[in-house]
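Residue numbers (the working numbering): 10 to 203.
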Amino acid sequence: MFGGSVPLFILFAAAFVLFWLSHKNIGATFRYWEIFVPVVAVVSLFSGWGQAYVGGNSRLWYLIKQIVHWGALIGLLYILNSQGIRALMSDQQYTAVILYLLAFASLLAAMHVDFKLFFFAIFMVFCAYLIAVPANNPTLVGLGELMGIADAQNKPVLMTTIAAGSGFVASLFVLLFLRGAIMSKRASEQKRKG
């Protein structure tokens with residue numbers, strides 16, 4: 010039953026580890042974020058089959074949408090690097106751009122092919138904002154006050170751990186609802202046949 014949670018766990022855990030590495034040394038990690046983009050694409054491709062089935066969509070059409078969707082993001086990152094645009098940005102700026110693009114692509118994928126990516130997209134926006142505004146981040150202050158964590162702006166890794174865990178748990182609920190929809194659809198199809 011929880012086999013579908015493994016790809017989600019991989020996404021959230023890998024993103025958290027990459028954020029932690031970026032927090033330690035931003036200059037050494039933007040390449041890892043670039044490598045992470047196709048990993049997210051592959052996980053999205055395989056984890057969205059169930060939603061395509063529930064929606065009654067053609068698997069071929071689903072595959073084409075995924076390839077175009079993630080191919081566009083990978084192509085955009087290639088253009089940023091090959092046309093000299095990357096050289097105009099600092100490592101921090103480029104890493105934030107990668108994360109914002111990944112968040113946007115994940116949000117679009119959540120709306121069109123795999124809703125489980127919705128909370129991952131929100132988590133990516135959170136990470137991108139923390140990388141873009143590392144000092145005295147007002148989001149950390151607000152979240153710290155909400156959760157009763159003192160001096161939260163100086164604890165970005167702790168706050169990111171909480172955000173990753175919350176996003177993963179919320180994604181699990183979406184996964185459970187999707188599993189229920191799949192079982193319901195299969196039962197109704199068997200009832201019609203039999």
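Where is the CB? At the ideal position from N, CA and C, for every residue including glycine.
With a cut-off of 8 Å on Cβ pairs, the segment 62 to 73 is not in contact with the segment 167 to 174, counting fewer than three such pairs. In the structure shown, G174 falls within a helical segment according to DSSP collapsed to helix, strand and coil. Under the criterion of beta carbons closer than 8 Å, W58 and A114 do not qualify as touching, at roughly 19 Å.
The Cβ-Cβ distance between A161 and V178 does not fall below 8 Å.
Our two residues, P143 and E43, have alpha carbons roughly 20 Å apart in a direct line. In the three-state reduction of the DSSP assignment, D123 falls in the coil class. Spatial neighbours of F135 in its own chain (CB-CB distance under 6 Å, excluding positions within 5 residues in sequence) are listed in chain order as A172. A direct Cα-to-Cα measurement between D100 and L116 gives close to 24 Å.
Setting aside the 5 residues that flank it on each side, A50 is surrounded in the same chain by W79, each with a C-beta closer than 6 Å to its C-beta; the list follows chain order. In the three-state reduction of the DSSP assignment, V134 falls in the helix class.
Of the other Cβ atoms in all chains shown, fewer than 16 fall within 10 Å of the Cβ of N163; this residue is therefore exposed.
Here N145 has Q162 as same chain residues with Cβ atoms under 8 Å from its own Cβ, once five neighbours each way along the sequence are excluded. For P16, same chain residues with a beta-carbon under 8 Å away, outside a window of 5 residues either side, are V52, F55 and S56 in chain order. Burial of V106 is indicated by the presence of at least 16 other C-beta atoms within 10 angstroms of its C-beta.
Membership of A50 in the alpha helix (DSSP H) is indicated by the continuous run F39 to S56. A direct Cα-Cα distance of roughly 22 Å separates A159 from F25. When secondary structure is reduced to three states using DSSP, K74 falls in the helix class.
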